[in-house]
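In order, the protein sequences belong to chains S and H.
Residues are numbered in this note's numbering as their position in the first sequence, beginning at 1, plus a constant of 160.
Residues are numbered in this note's numbering as their position in the second sequence, beginning at 1, plus a constant of 2.
C-beta: ideal position from N, C-alpha, C; glycine also.
A short worksheet on the structure shown next.
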Amino acid sequence: MTTSAFVRPARVRPLPEDAAPVVSLKGVTKRFGKVVANDGISLDIYPGRIKALLGENGAGKSTMMSMLAGRYQPDEGTIEVDGVPVKFSSSKDAIAAGIGMVYQHFMLVDSMTVAENVLLGQEGAFFINPKEMESRVNELARSYGLDVDASDYICDLSMGERQLVEILKLLYRESRILIFDEPTAVLTPEETNRLFEALWRMTEQGKSIIFISHKLEEVIALADEIAILRRGRIEGELDPSAIESKADLASRMVGKEVLLEVNRQPMDLGSLVLEVRNLTGLGLTDVDFSVRRGEIVAVVGVAGNGQKELVEAVTGLVKPPLDTVFIMGQPWRKFFAESTWNRSMCYIPEDRLGLATLRNQNLVDNLLLTTRKGFARGMWLDKKRAERHTVKLIEKFNIRPGRIHALAWQLSGGNLQKAVLARELYREPRFIVAEQPTQGLDVSATEEVWSRLLEARKMAGVLLVTGDLNEALQLADRIAVMYRGRILGMLPTSEAETASRIGPLMAGVLD
Amino acid sequence: MILKIRKRDEPWKWGALVIFLGALLFSLGVSALLLAGQGKDALHGLNILWQGSFGNLWALEGALLKAIPLFLCSLGVAVAFRMQIWNIGAEGQFALGAIGATWMALSFPDLPGYFLMPLMFIMAFVLGGIWAFIPAVLKLKLRVNEIISTLMLNYIAILLLDYMVFGVWKDPTSFGFPMTPEFTSGAVIQGIGGSRVHWGLLFCAVVGIGLWAFMRFTRLGYELKASGEGVRVARYAKIRYGMLVMFVMCLSGGFSGWAGCIETSAVLGRLQPSLMVGYGYTAIVVAWLARLEPLNIAFGSFLLAALRVGVENLQLELQIPAAFGVIMEGMILLVVLAGQFFLMYRLERVTRTKGE
């Protein structure tokens, strides 16, 4: 395995007792409508140290960093720079305070040179001659040991080199705190190593680094301190040397405490609804499993390990190789060519507002989205009947606001998910694909979604893709753990040691 | 005191109307300034504009007459826009419709109206539809941006029309003027009760109501509306997006084709280059102003048609450049579009808390 190819330099860096944080978040809360993205976050960033921020998708990492970078303003709490409370009203303010961010998508002008990109938008840089410009940038690069030539054009550079240019931009602006949002996602292993070396060198010169990632091995290798963010809160801060294993870190990231418990009785298994045979391709390797009516099979793993690709292949968004995916006993092609609107497959996607519902349409139109064939009479659509059923479903699933003319975007996350669930279950599915069905929901909505899914087992098989380990353990009969496009293990939840085996598998450790 | 931008929880209920009226007032104001800038009496000018648009029966008839092709083109544009297909080729599809109608009128001059008229309408729809079908196929098969292809086909269509009237179909008795022979009586849509307004008005009403019902009550109409929310949702819902794009473009082009047919038959009674006065472009303005709703489109068409008639009058009376009308049209649209911002956001007064 290539997981621990990073050689950590011998550096003993205990935090000095009298060290003062250069940036502090104090009880910072940010809400978007009713969703709390960040909940009372307190965090200190010290000079000359690398702070890794570890968290699942949707844990609130980006929101937090956007506040530091001045793109959002906190609803509560304060941000302090050098002990002084600040209010950033734009990213300009943040840059002036010495905070800079390297985004996942580089913001560079391809047809310009490195030097031009670095000086672009700088005051007093309008009338500078190219030689002067290049020598300044080259000098800066040398002083941090960054291997870039200022006269190269961006379009000729590799992804790793482009990233160095982004870093140079920040260094030129004399940023003291550099934020990296998933910087290794676009890099080769070799480039990743070089980036890490550059980061260490920058800390030696007193820069602070915030490193956002969900790749465990990188975080362990790189960071001086690790903060774990989960569901918008700081779950804990730890010293990398105190980490016993990657598995330990993984389970802290996805959470293991039992929030909710449901009563699940095993059911008699029925016919096969999904069969995946040796699926290789689309970023997956040798995926092989099946789902029967009467069971819930969960797919877990750290985000980005192939879950999305698997769902896309199964739900018909992406075409898998021939003879790898069989749904309700039929080959993929045949199934999607002939599938009926009901008693078939339904898909409850992670993206509720952009994929599962029509943002600007009312609940009746949203009910019709996947059930329209059931309300059609020849070319006509029986809207009156659809309205009556919408009213019924709103009542049955307790969807608020209880008006059929409410538009999808006006619903809260939980109510929107209930609406999607109501619609999809109305189709009497025999096979359900549910993707992060309770992400962002509160406890009562989560409970309701869970009991509906368990109830649905009576008639259907369920493929549950989730980042919430507790959800998988509570609902599923079997759990498939994905790592780098493979299913590393298929564990029955009836066995007691399953819970403890998931963590290591998620980190790619096979005993 | 500072003004701060806040997102509204609910869209502003009467906002659309307020913004529209505001935009109208604003552009009238700017127009007055423009008039004053040319050394004319601004208030007198606005009065002439009003008189010329709504002041007498002749003006109202003229507005209604111009509203008919505008309405049909705009309906066609709107149905494509609904699906987020940016068909800005109504002008060319209008021209093809006129060519189709003329083709039938000149080929079967002796047929009675009740045979000839349907033939003209069918051919106008087919040719207009084909003209819009080309960009649809290019978009689906070769990923050609439909904004570019529909726009460029406009020029080809106008040149094609010119080719027909300067060449093949030129009236030998026209003393060299580029025009076809006059249509026979069976090919001319008659006026309603001796007024200038013709039966095309009724046709507009039927098409408008038909489209409204189609969008509201049929499965295809629903799928069209749903696809307008994005390709991804359409694929999620297993809607055949490609088929729908081709269908909607044919429909869109067909409507503009009908507009061309009616204008040629009822107003000119023959095909000639003066047919092309930019209804297809104004239709885009109308469709946006009306927020793609058929009933609003009817009002919008009438309003902008009245504006055109009024400006023509103003041109004669005060010797104003012809561009004046286009400027007003553009200004109303721009202000309305910019004003959409206030549907979702509002300005709020913020008083600074002490201690900052």
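Neighbour flag for residue i against chain S, beta carbons, 7 Å
i: Val81 (chain H); result: no
i: Glu231 (chain H); result: yes
i: Thr220 (chain H); result: yes
i: Arg272 (chain H); result: no
i: Tyr238 (chain H); result: yes
i: Ala69 (chain H); result: no
i: Ile224 (chain H); result: Sequence inspection shows Tyr at residue 224 (chain H); the Ile mentioned does not correspond to that position. Cβ-Cβ to chain S under 7 Å: yes for Tyr224 (chain H).
i: Arg84 (chain H); result: no
i: Ala228 (chain H); result: yes
i: Arg10 (chain H); result: no
i: Arg234 (chain H); result: yes
Cβ-based burial, residue i [other Cβ within 10 Å; buried from 16]
i: Gln95 (chain H); result: buried
i: Ala301 (chain S); result: buried
i: His200 (chain H); result: buried
i: Lys141 (chain H); result: buried
i: Met278 (chain H); result: buried
i: Lys247 (chain S); result: exposed
i: Leu355 (chain S); result: buried
i: Lys494 (chain S); result: exposed
i: Lys211 (chain S); result: buried
i: Phe192 (chain S); result: exposed
Residue i versus residue j: straight-line alpha-carbon distance, rounded
i: Asp312 (chain S); j: Leu19 (chain H); result: 55 Å
i: Tyr643 (chain S); j: Val462 (chain S); result: 8 Å
i: Gly188 (chain H); j: Val128 (chain H); result: 20 Å
i: Ala497 (chain S); j: Gly476 (chain S); result: 10 Å
i: His565 (chain S); j: Val278 (chain S); result: 52 Å
i: Val196 (chain S); j: Glu385 (chain S); result: 25 Å
i: Arg612 (chain S); j: Phe486 (chain S); result: 25 Å
i: Cys506 (chain S); j: Leu576 (chain S); result: 16 Å
i: Met488 (chain S); j: Val471 (chain S); result: 16 Å
i: Gly210 (chain H); j: Gly302 (chain H); result: 13 Å
i: Ser249 (chain S); j: His549 (chain S); result: 47 Å
i: Lys533 (chain S); j: Trp501 (chain S); result: 6 Å
i: Thr369 (chain H); j: Lys479 (chain S); result: Here chain H covers residues 3 to 358 and nothing more, so residue 369 (chain H) does not appear.
i: Cys75 (chain H); j: Leu523 (chain S); result: 32 Å
i: Glu351 (chain S); j: Gln323 (chain S); result: 10 Å
i: Lys544 (chain S); j: Ile4 (chain H); result: 49 Å
i: Ile7 (chain H); j: Arg351 (chain H); result: 9 Å
i: Leu349 (chain H); j: Cys315 (chain S); result: 43 Å
i: Lys468 (chain S); j: Phe344 (chain H); result: 38 Å
i: Leu382 (chain S); j: Gly78 (chain H); result: 60 Å
i: Val151 (chain S); j: Leu624 (chain S); result: This structure leaves residue 151 (chain S) out entirely; chain S is present only between 161 and 671.
i: Gln53 (chain H); j: Gly312 (chain H); result: 7 Å
i: Val418 (chain S); j: Ile388 (chain S); result: Model confidence at Val418 (chain S) stands at a pLDDT of 48, short of 50, so the residue's coordinates are unreliable and nothing is read from them.
i: Val580 (chain S); j: Arg587 (chain S); result: 11 Å
Cutoff 7 Å: residue i Cβ touching any chain H Cβ
i: Leu518 (chain S); result: yes
i: Leu523 (chain S); result: no
i: Arg563 (chain S); result: no
i: Thr530 (chain S); result: yes
i: Leu268 (chain S); result: no
i: Ala536 (chain S); result: yes
i: Leu515 (chain S); result: yes
i: Val418 (chain S); result: Interpretation of Val418 (chain S) is limited by its pLDDT of 48, a score under 50 that renders its predicted location unreliable; the figure taken from the coordinates is listed afterwards. Val418 (chain S) does not count as touching chain H.
Assumed close pair residue i, residue j - CB separation to whole angstroms, cut-off 8 Å
i: Phe123 (chain H); j: Cys263 (chain H); result: 6 Å
i: Asn526 (chain S); j: Leu515 (chain S); result: So it is not a contact: roughly 12 Å between Cβ atoms.
i: Phe371 (chain S); j: Met650 (chain S); result: Going by Cβ atoms, the distance from Phe371 (chain S) to Met650 (chain S) rounds to 33 Å, so no, they are not a contact pair.
i: Gly258 (chain S); j: Ser318 (chain S); result: No, Gly258 (chain S) and Ser318 (chain S) are not in contact; Cβ-Cβ is about 29 Å, not under 8 Å.
i: Thr626 (chain S); j: Arg583 (chain S); result: About 21 Å; that fails the 8 Å criterion.
According to DSSP, residues forming a beta bridge with residue i
i: Ile559 (chain S); result: Partner(s): none; Ile559 (chain S) has no beta bridge.
i: Cys506 (chain S); result: S:Ile592
i: Tyr447 (chain S); result: It is worth fixing the name first, because residue 447 (chain S) is Val in this sequence and not Tyr. Beta-bridge pairing links Val447 (chain S) to S:Leu439.
i: Asn522 (chain S); result: S:Leu567
i: Glu240 (chain S); result: S:Ser184 and S:Pro245
i: Tyr332 (chain S); result: Tyr332 (chain S) pairs with nothing; no bridge assigned.
i: Ile339 (chain S); result: S:Met261 and S:Ile370
i: Lys9 (chain H); result: H:Tyr347
Worksheet item: What residues in the stretch 538-554 of chain S have a beta carbon less than 8 Å from any beta carbon of chain B?
Response: The structure shown contains no chain B; its protein chains are S and H.
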